[in-house]
Amino acid sequence: MMLKISANPHIQTVRNTRSIMLDVVIALMPAAIAALLFFGVNALRVILTSVAACVLFEYLACRYWLKTANTTQNFSAVITGLLLAYNLPSTMPSWMILIGAFMAIIVAKICFGGLGKNIFNPALVGRVFLFISFPVQMTIWPTPHFLHITSPDGQTGATPLNILKNMDTSSDYPMYSPDDLPSYSNMFLGNIGGCIGEISTLALLLGFVYLLWRRVITWHIPVYYLATVFVLTSFLYAATGEIKFLPLAHLLSGGLMLVAIFMATDYTTSPMTIKGQIIFAVGCGVLTVVIRSFSAYPEGVSFAILIMNALVPLIDKLAVQRYYGERKKCPRKSRAY
Amino acid sequence: MAKKYTFPMGGIHLDKHKTTAACPIIQAPLPAIAVIPIKQHIGAPAKILVSKGDKVKTGTLIADADGIVSADVHSSVSGEVLKIEDVEGASGYVEKMVTIKVEGDVWEPEIDRTPEIVREINLTPEEIIAKIREGGIVGMGGAGYPTPIKTTIPERKKVNLLIINGIECEPFLTADDRLMIEKAEQIIMGARVLNRALGIQNAVIAIDENKPEAIERLTALSKLYVGVNIKVCKTKYPQGGERQLIRAITGKELPSGKLPVDIGCIVQNVGTTFAVYETVLKNKPLFERVVTVSGNGCLHSGNYLVRIGTPISDIIGQSGGLATDVEKIILGGPMMGSAIVNTNAPITKLTSAVLLLKGDEFAKHEPSACIRCGKCALVCPAGLRPFAIKQAVCCNDPSETLRRLHVGDCIECGCCAYTCPAGIPLLDYCKIAKQEIRKK
Amino acid sequence: MDDLIITNMLVLGGTAFAAAVILYFVSKKFAIHADEKETQIAEILPQANCGACGKAGCADFAAICARADEKAFANLYCPVGGAAVMQKIARLKGFSTKDKPSTIAVLRCQGNCQNAPIKVAYDAVSTCRIAHRISSGQNGCPNGCLHLGDCVKVCKFGALRMDKKSGLPVINAAKCVSCGACVKVCPRGLFEIRPQSPDGMVYVACRNKQKGAVARKNCAAACIGCAKCTKLNDQIKIEDNLSYIPATVDVGEFGAKLQKICPTGAIVYKEKLRG
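Residue numbers (this note's numbering), protein chains in the order written: chain R, 10 to 346; chain A, 64 to 503; chain L, 296 to 570.
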């Protein structure tokens, strides 16, 4: 018999990286089901291509480039694949998805050193790269058809955010009128045009509840993010009266829910203390509203997150939580490390 | 139920494993040979008073406190001193120990061995403190700080609250729980003795909520005595930490580097309180203590009243022997205890438990890359950022950087390392950092 | 049209002139006055920035050398560059130097798998510092090597490697510059910087201070304090059951004899190691 010696603590939680990542994958499943219901088998093709490509790239990079242990078993590449797919329209050609997966895994993740070391959210880097490279394919939004295996007519339409953006009430011939906006219940359930994972607020909220229940994330980032967007748009709506600032429509449409719940909360690319996370979330919210309202793009969440990602090291340095025994209003010099 | 007290910052919820909570305390048989270390406390080793061949009785003083920060050591058995030399301790390092061959069990005559509970205190505070010193009492919660120093209030300081720490937040441990159930009145008397020594009338016994029987007993008894109250705390680790307990009971936080007495509190463990009762009112010095023997590698787990100096292997034999597949033997709780190398080492005043662990349930996972989840900072009861400390240690940052991260405030509870999903031994890095800042 | 060209020329030319003036004054104001001697010394130095000389780095050492008088200079020494470098610097400053014997790090432990079999498994971070804190080590010797290689990690010259078979660090005599980093990092103080005489070196490769029988229980190659070596040369002293051979003992005369007389083989005699 040989005794083992180890430093305390001698017990450890059963929650390892793999189990946490698996929980995120489970939390993403309702959105996948919603995508299948509204976009049919094409959505499945996008999701499977993206996930398979991400896992393959990560495996190859670990094996032949980094020459480290294989990190595909911890499901982080699966999450990147799912999130990338959720940010694409269901008509996206498969070869473009491969390019997006390459950008996400190889450029945004492995080049920075792999799991835990990337500065930018890999899936968003992939998406933004595709968005800039293939703007046409990235902005074709097939109309949803509930419970059709394939889209029957190849019809396309606009997303609610497109409608809001191009509803200039001051011009004589606006592209859309307020009547074109889908009802809130459709937005909530997901019967709207858009990327495959972002349409159904209901499905995403189910995932959020699951993540909270499993204590994968705390509520701070999503709630502060969504609240900032809601408060800012309400303020703009009240101040200008323009229908393009309709607060609830902003909350329920576009990638906001998906990004606030699953991508802004990404461990690696968000601050580590609660205080930092709040600063991060509020910053994301402000940038989202600014980009959505005043830029040429109808959608702004991906850019907002990427910009805030770049600030995370700074936030981490400044947002120090209170130490035990330290009085609250007593700023000390050079507290940050 | 009334308000439950707790601390707000950090902390974790652990699996309890308190399988021995219903096992009454059993007197362990006397060892054939007792090995008594002369340093079982923080501070200077005691000066040895006996020499080879001397006959000692149970309770005989064998080593005298050397200086203020030191404690007396008494013989726990009667018999003949075989040798006084360096013996391998539990960690494998040698310590000076007195080896005594046990012959019968003759106690010093002045020890009051009757079961009656003494309810009268006719001593002055100075006399009480002197008796505590003569009894060789040290903090039995694990730190081993000599109790007489703690009960002597420094000049220009005022104490207004005595907290008796009846919280056993570590998994497996039930020694204090059983003590509170079986010796409830003695503990209350011990608290009153300490009250008198401190010149106050305000003692609080803090118990965590997973000990309903102890709460019931003590609450009923406390109504009969003035100046002793019971407060129930939430079950959360590390609720039993001194700083966390003070925060929970008083709502005040101890500033960094300050002692409890600076904000008018004294914290004593229930085991210590019981020892104070026995020493002051029954003339019985500290030479035995309650030890929990448990763990999934243990056949007959239970709570034993063990003479100090009994080899750990004797206690293990008592509880069914060492199975071949036991991988780790831990003295103390699994969060803060230490794994041992040498089973012939003795039980000391600070040994609250002997845990025999085996199998996958307690295997640590292989460390992998930090995923920056921030959970270590979320659970740290001192409000530290273990991830930043780890980074600073790995980069060989100067000790100034470490000091700015408040490394010195780490209470080494192990919440960070327990929680880390990547299995990074964060506590080890914090300990290295503490060593670094102590260097200069 | 002409106006435009002239305006452009004037504006751009003016900007360029203004920038030039500003740059001139800035360069004057913030000029770094480098001591010529200092730069020359810095060029001679190995630029390892290891801190072995006790200064903040090679630049600091060069500055101190440049300022030092002959007396102060005699106390300065760069262990990495050795006598050759110091001589060059001395020549530059016009001082004379004495030869210092070359030195090397030695490991005073032979607790490998054969001598000191492993008794407990180590299941924590691979750092000697932590291992030293929590127990006496895998083989039970409280003064012996912990086999976790903090010294290898700290060596900037690649002179140390962990030998897989013995579990002990091995010193590459050709690469060791006796900077002393390993001496500082080893929690058990097993390294010593020893001068090498032309005949090689002889030392006690053990730090165990326990009594002979206890020490032998954990390691076959432990010094048991039998004092046989002290009878050969009275400079050798036994303290706390441990013998120490000072560097002043004549290696040529006693080296082989000492090695032979030691009953446990704790005394190591190495003939000429380097150059």
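Quick reminder that beta carbons are idealized off the backbone N, C-alpha and C, glycines included.
CB contact below 8 Å: residue i versus chain L
i: Ile375 of chain A; result: no
i: Ile407 of chain R; result: Because residue 407 of chain R is not part of the residues shown, which for chain R are 10 to 346, the question remains open.
i: Val404 of chain A; result: yes
i: Ser431 of chain A; result: no
i: Thr61 of chain R; result: Looking at the sequence itself, residue 61 of chain R is Ala, so the reference to Thr does not match. So no, Ala61 of chain R is outside the interface.
i: Lys315 of chain A; result: no
i: Ser462 of chain A; result: no
i: Lys13 of chain R; result: yes
i: Ala16 of chain R; result: yes
As assigned by DSSP and simplified to three states, the class of residue i
i: Glu351 of chain A; result: strand
i: Asn25 of chain R; result: coil
i: Phe325 of chain L; result: coil
i: Glu151 of chain A; result: strand
i: Pro209 of chain A; result: strand
i: Thr162 of chain A; result: strand
i: His363 of chain A; result: coil
i: Asn513 of chain L; result: helix
i: Tyr185 of chain R; result: coil
i: Cys328 of chain A; result: strand
i: Arg310 of chain A; result: helix
i: Pro178 of chain A; result: coil
i: Leu315 of chain R; result: helix
i: Asn407 of chain A; result: coil
i: Tyr219 of chain R; result: helix
i: Thr214 of chain A; result: helix
i: Pro397 of chain A; result: coil
i: Ser357 of chain A; result: strand
i: Pro92 of chain A; result: coil
i: Cys557 of chain L; result: coil
i: Ala416 of chain L; result: strand
i: Asp129 of chain A; result: coil
i: Ile452 of chain A; result: helix
i: Ser319 of chain A; result: coil
i: Ile434 of chain A; result: coil
Test: residue i CB closer than 8 Å to a CB of chain R
i: Gly477 of chain A; result: yes
i: Pro409 of chain A; result: no
i: Ser430 of chain L; result: yes
i: Asp239 of chain A; result: no
i: Asp117 of chain A; result: no
i: Gly570 of chain L; result: Caution applies to Gly570 of chain L, whose pLDDT of 42 falls short of 50 and renders its modelled position unreliable; the value that the coordinates give is listed next. Not closer than 8 Å to any Cβ of chain R, the Cβ of Gly570 of chain L fails to qualify, so no.
i: Phe337 of chain A; result: no
i: Ile393 of chain A; result: yes
8 Å Cβ cutoff, residue i in contact with chain A
i: Gly352 of chain L; result: no
i: Arg223 of chain R; result: no
i: Gly243 of chain L; result: Absent from the structure is residue 243 of chain L, since the part of chain L shown begins at 296 and ends at 570.
i: Gln554 of chain L; result: no
i: Ile9 of chain R; result: Chain R is shown only over 10 to 346; residue 9 of chain R falls outside these bounds and no answer can be derived.
i: Tyr68 of chain R; result: no
i: Asn25 of chain R; result: yes
Cβ distance (whole Å) where residue i is taken to contact residue j below 8 Å
i: Val353 of chain A; j: Asn332 of chain A; result: Actually they are not in contact, since the Cβ atoms of Val353 of chain A and Asn332 of chain A sit about 12 Å apart, beyond 8 Å.
i: Gly406 of chain L; j: Cys446 of chain L; result: Rounded, the Cβ-Cβ distance is 14 Å, inconsistent with contact.
i: Ile89 of chain A; j: Leu368 of chain A; result: 7 Å
i: Val472 of chain L; j: Lys13 of chain R; result: About 39 Å; that fails the 8 Å criterion.
(request) Could you run through the segment 483 to 497 of chain A and flag, in chain order, every residue whose CB is less than 9 Å away from some CB of chain R? (result) Cys483, Pro484, Ala485, Gly486, Pro488, Leu490, Asp491, Lys494
(request) With 7 Å as the C-beta to C-beta threshold (strictly closer), list the residues of the segment 150 to 178 of chain A near chain L in chain order. (result) Ser154, Gly155, Tyr156, Val157
(request) Select from the segment 412 to 426 of chain L all residues with a C-beta closer than 9 Å to any C-beta belonging to chain R, and list them in chain order. (result) Within the segment 412 to 426 of chain L, the residues whose Cβ lies closer than 9 Å to some Cβ of chain R are Ile413, Lys414, Val415, Ala416, Tyr417, Asp418, Ala419, Val420, Ile425, Ala426, listed in chain order.
(message) I'd like the ranges of any alpha helix (DSSP H) spanning at least 4 consecutive residues and lying wholly in the segment 229 to 290 of chain R.
(response) 229 to 249, 256 to 261
(message) In chain order, what are the residue ranges of uninterrupted alpha helix (DSSP H) at least 4 long that sit wholly in the segment 220 to 262 of chain A?
(response) If we require 4 residues or more, the alpha helix (DSSP H) runs fully inside the segment 220 to 262 of chain A come out as 238 to 245, 247 to 261.
(request) Could I get the ranges of all uninterrupted alpha helix (DSSP H) runs contained in the segment 470 to 533 of chain L, with 4 residues as the minimum, in chain order? (result) 476 to 480, 507 to 513, 523 to 527
(message) By the 9 Å beta-carbon criterion, what residues does the segment 414 to 448 of chain A contribute toward chain L?
(response) Ala426, Lys427, Pro430
(request) Check distances from the C-beta atoms of the segment 218 to 252 of chain R to those of chain A and list, in chain order, the residues that come in under 8 Å. (result) Those residues of the segment 218 to 252 of chain R that come within reach of chain A (Cβ to Cβ, closer than 8 Å) are Thr227.
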